[in-house]
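Worksheet: the structure to be examined is printed underneath.
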Amino acid sequence: MNTIDCEILIIGAGIAGLTCAIKLADRGKDVVVINRSEDPEESNTKYAQGGIVWWGEDDSTELIKTDIEEAGDEVGRESAIKIIAEDGPVLVKSFLIDRLGINFDKDPFGKLHKTLEGGHSKNRIIHVADQTGLAIQKALLKEAKRHPNIKILSSTTAIDLISTTHHSKNRDAIYQATKILGAYVLERNSNRIQKILSSYTVIASGGIGAVYEYTTNPEGARGDGIAMAKRAGAHVINMEYIQFHPTAFKKDNCKSFLISESVRGEGAILLNDKLERFVESELLPRDELTRLIYKEMKKSFSKNVWLSCKPIIKRGIKLEERFPKIFSDCLECGIDIRKDLIPVAPAAHYLCGGIRVDEWGKTNLTRLYAIGEASCTGLHGANRLASTSLLEGLVWGVRSAENIIGNFSKEDIESFQISDWDERFVLQEPDKNLIKDYLSRIKVIMWERVGIVRSEKELLKAIRELTELSIDIIEMYRTSKLSDELIGLRNTIEIAIEIASCARRNRVSKGSHYREDYL
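Residue numbers for the sequence shown follow the numbering used here, beginning at 1483 and rising by one.
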């Protein structure tokens, strides 16, 4: 078996993973970053449209904290909220603007243009048109690629974390505290399984949106890192808090994609099937607006509501310039947003829970960190405030790197005699059509029974159906040759069951977790 040795392995190549890698490499650490996609730019970060939190006019740390706290329905961790409110805007300036040179949009006076988004009390969101995440991803990747201490492996899927409890031949290891010493990975182009051994491992693999039938996330957002960490013994919490974005494009025979919060921030209004406005404000916190749209759709038996950009045009803003990506994507689906209404509906968007970590990204397992959407810092509570996701990835990318550097010690990995990957029970090639069928069934169950509005009856049905599916899926996994699709299916079913189980246990409606039977 091919083995790669490094000091730090980072699983995921979005804003959190690459920021952490760059900061570690700056201090001379040997870093390997893996990305399951062939395209090194592919990550959840790439799809973040709206922007990132900055300072508004007459803004303050206290105001930012208050907005995050209220959006999260007062479930969040106060220390995490304080950290991001104090450190976030400072790091945007020092790292994204000064170091990476990201050219955020300017107003006519040459100052950073700041827009308003739902739940914010100030215009404080800075952006690069409607492709802020892509601009950040490109800049991070460019910086990482030219760093001599960073090796990026694309088309590489993490299979499982290497745990001293599960994978050591040293018989005493099982009786000691679990250490994570890297991961087994599938090199997709050659279909070879490799062993990456590292003194520290950082999970930065993104969220779980692809577990649902309708989502704004890419197909790789299937909770891989969270599932791996849970199997290794990491604490996973708050998985019931799934934020559904209120406005995703929804049209038959067209892929669902995000219609950014900033479109409403610039003045777009929501209309029902009678073309009447049905909300007092389009900038309510996302969980509240999502439920209002859901209620309106159910009342009228419609598949979507409508978003009108006419108020933006009346302000003299050219939509094709302010929102070029949204404009072109809608045009491809036959919608000219300068004159047509945009069909929109809620879609799974962001996980507020995940792998439990402390203020530095450390998990309960020795030498394992988690950052970005895969982690649960407590920042978001029960519902994420708009445009804090990129900021969280940036802040905890830096903080985790600082903590690893400050406490670095090289692990004696050889003493644990880590096993090679065991394929003795592999009997067949995976059935690709069956994998697709299982995946489709999971997504439908999650959307219909563990979606925007939940109940004991539907959650129990979901758990029973998912558990039954899991028996066959795990059997397929244990007896079939590994592929990225099969690895993803295994993780998807585990994450789906975890979300449904957490949602059933929690009978209190808070933020994005809404129980119609326990109000």
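Using N, Cα and C, we set each Cβ at its ideal position, and we do this for glycine too.
- Determine the DSSP secondary structure at aspartate 1769, reduced to helix, strand or coil. In this structure, aspartate 1769 counts as helix in the three-state DSSP scheme.
- Alpha carbon to alpha carbon, how far is leucine 1663 from glycine 1494? The alpha-carbon atoms of leucine 1663 and glycine 1494 are separated by roughly 16 Å.
- Query: Does the segment 1731-1750 come within contact of the segment 1512-1532, defined as at least 3 CB pairs closer than 8 Å?
  - Reply: With a cut-off of 8 Å on Cβ pairs, the segment 1731-1750 is in contact with the segment 1512-1532, counting three or more such pairs.
- Item | 9 Å Cβ cutoff met for lysine 1661 and glutamate 1896 | Not a contact, by the Cβ cut-off of 9 Å.
- Task: Report the residue from Ile1981, Asn1605, Pro1522 whose alpha carbon sits nearest the alpha carbon of aspartate 1541.
- Result: Nearest C-alpha to aspartate 1541 among Ile1981, Asn1605, Pro1522: Asn1605.
- Item | Own chain residues within Cβ distance below 7 Å of serine 1790, not counting five before or after | Annotation for serine 1790: Ala1750, Ile1751, Leu1753, Leu1823 place their beta carbon closer than 7 Å to its own, counting only its chain and skipping 5 residues before and after.
- Message: What residue range does the alpha helix (DSSP H) around threonine 1543 cover?
- Response: Boundaries of the alpha helix (DSSP H) around threonine 1543: 1543-1553.
- Item | Reduced DSSP category for glycine 1836 - H, G, I as helix; E, B as strand; rest coil | Three-state DSSP puts glycine 1836 in a strand.
- With a cut-off of 8 Å on the beta carbons, I'd call tryptophan 1842 and asparagine 1885 a contact; round off their distance for me. Indeed, because the Cβ distance is near 4 Å, the residues count as touching under 8 Å.
- Message: Cutting at 6 Å between CB atoms, please list the residues of its own chain near glycine 1860, excluding the five before and the five after it.
- Response: Excluding sequence neighbours, glycine 1860 sits near Gly1558, Arg1559, Ala1562.
- For tryptophan 1536, name the three-state secondary structure that DSSP assigns. Coil.
- Message: Would leucine 1668 and isoleucine 1969 be called neighbours here (beta carbons separated by less than 9 Å)?
- Response: It is a contact, given that the beta carbons lie within the stated cut-off.
- Query: Whose CA, out of Pro1793, Glu1520, Ser1810, lies closest to the CA of arginine 1670?
  - Reply: Minimum Cα distance to arginine 1670 is reached at Glu1520.
- Task: Using 10 angstroms around the beta-carbon of arginine 1838, count the other beta-carbons present and answer buried if the total reaches 16, otherwise exposed.
- Result: By the 10 Å Cβ count, arginine 1838 comes out buried.
- Item | One or two residues paired with aspartate 1642 in a DSSP bridge | DSSP output for aspartate 1642 lists Tyr1666 as bridge partner(s).
- Message: In this structure, how does DSSP classify valine 1557 when only helix, strand and coil are distinguished?
- Response: In the structure shown, valine 1557 falls within a coil segment according to DSSP collapsed to helix, strand and coil.
- Item | Every unbroken alpha helix (DSSP H) within the segment 1935-1973, with a cutoff of 4 residues, ordered by chain | Correct list: 1938-1961.
- Query: How would you call valine 1572, buried or exposed, if buried means at least 16 neighbouring beta carbons within 10 angstroms?
  - Reply: By the 10 Å Cβ count, valine 1572 comes out exposed.
- Item | Candidates Leu1921, Phe1760, Gly1691, Gly1554: closest to alanine 1730 by CA position | The shortest C-alpha separation from alanine 1730 is found at Gly1691.
- Task: State the CB to CB distance for the pair leucine 1850 and alanine 1655, rounded to an integer number of angstroms; the pair is presumed to be in contact (CB under 8 Å).
- Result: The distance from the Cβ of leucine 1850 to that of alanine 1655 is about 15 Å, inconsistent with a contact at the 8 Å cut-off.
- Within the segment 1653-1713, note down every full beta strand (DSSP E) run reaching 3 residues or more, in order along the chain. Runs of the beta strand (DSSP E) inside the segment 1653-1713: 1662-1669, 1674-1685.
- Those runs of the beta strand (DSSP E) which lie wholly inside the segment 1587-1641 and span at least 3 residues: Taking 3 residues as the shortest admissible run, the segment 1587-1641 contains the following complete beta strand (DSSP E) segments, listed from N- to C-terminal end: 1632-1635.
- Task: Look at glutamate 1701 and leucine 1623 and say whether their C-beta atoms are less than 9 Å apart.
- Result: Contact check for glutamate 1701 against leucine 1623 fails: the beta carbons are separated by 9 Å or more.
- Helix, strand or coil: how does DSSP classify lysine 1732 here? Correct three-state label for lysine 1732: coil.
- Message: As a quick exercise: from His1831, Cys1834, Phe1805, pick the residue whose alpha carbon is nearest that of arginine 1820.
- Response: Of the candidates His1831, Cys1834, Phe1805, Phe1805 places its Cα closest to the Cα of arginine 1820.
- The beta strand (DSSP E) enclosing aspartate 1487, as first and last residue numbers: Aspartate 1487 -> beta strand (DSSP E) spans 1485-1493.
- To the nearest angstrom, how far is it from the Cα of methionine 1958 to the Cα of serine 1636? Spanning the two alpha carbons is a distance of roughly 26 Å.
- Under a three-way DSSP split, which group does proline 1912 fall into? In this structure, proline 1912 counts as coil in the three-state DSSP scheme.
- Task: Identify whether arginine 1759 lies in helix, strand or coil by the three-state DSSP scheme.
- Result: In this structure, DSSP gives arginine 1759 an extended state, which the three-state scheme calls strand.
- Message: Can you look up valine 1572 in the DSSP assignment and give me helix, strand or coil?
- Response: Three-state result, valine 1572: helix.
- Query: Should threonine 1646 be labelled buried (16 or more other beta-carbon atoms within 10 Å of its own) or exposed?
  - Reply: Buried is the call here.
- Other residues of its chain near phenylalanine 1726: CB distance less than 7 Å, five sequence neighbours each side excluded: Short of 7 Å from the beta carbon of phenylalanine 1726, and not among the five residues preceding or following it, lie these beta carbons of its own chain, in chain order: Thr1772, Pro1828, Ala1829, Ala1830, His1831, Ile1934, Ser1994.
- Message: Between Gly1538, Val1514, His1649, which has its C-alpha nearest phenylalanine 1898's C-alpha?
- Response: Looking only at Gly1538, Val1514, His1649, the smallest Cα-Cα distance to phenylalanine 1898 is reached by His1649.
- Message: If the criterion is Cβ atoms closer than 9 Å, does the pair valine 1684 and leucine 1491 meet it?
- Response: Yes, they are a contact pair.
- Query: Would the beta-carbon of serine 1924 fall within 9 Å of that of threonine 1974?
  - Reply: The displayed chain sequence assigns isoleucine, not serine, to residue 1924. With contacts defined by Cβ atoms closer than 9 Å, isoleucine 1924 and threonine 1974 form a contacting pair.
- Message: Does the segment 1572-1583 come into contact with the segment 1863-1876, if we say contact requires no fewer than three beta-carbon pairs (one atom in each stretch) closer than 8 Å?
- Response: Yes, the segment 1572-1583 is in contact with the segment 1863-1876.
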